[in-house]
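*Asks:* Here's a structure for you.
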Amino acid sequence: MTEPTTVTLDVREMTLRERHPAIFARLDALQPGEALRLVNDHDPQPLRYQLLAEHPDLFSWESEQEGPEE
């Protein structure tokens, strides 16, 4: 099995109002074999719950790093 191509979306400089629309737009634009790496400055649990509710079988969620940057 080949590794997916990872697309990174850094939302740290966006306003809170801009973040979810940008994330969902990027998710909708993913092609087969692509993965989204989200860089955020807070724990995106509400986003995770929304994705689980709307698309329970279409994604997996892995945290690379949690907590403040070093």
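Under my numbering, the first residue of the sequence shown carries the number 18, and numbering increases by one thereafter. Beta carbons: idealized from backbone N, C-alpha and C, even for Gly.
(1) By the 10 Å Cβ neighbour count, where 16 or more other Cβ atoms means buried, how is Val-28 classified, buried or exposed?
(2) Glu-51 and Pro-21 - do their beta-carbons sit closer together than 8 Å?
(3) Is it true that the CB of Leu-47 sits closer than 8 Å to the CB of Leu-53?
(4) Could you tell me which residues DSSP puts in a beta bridge with Glu-51?
(5) If you draw a straight line from the C-alpha of Glu-30 to the C-alpha of Thr-19, how long is it?
*Replies:* Let's see:
(1) buried
(2) yes
(3) yes
(4) Thr-22
(5) 32 Å
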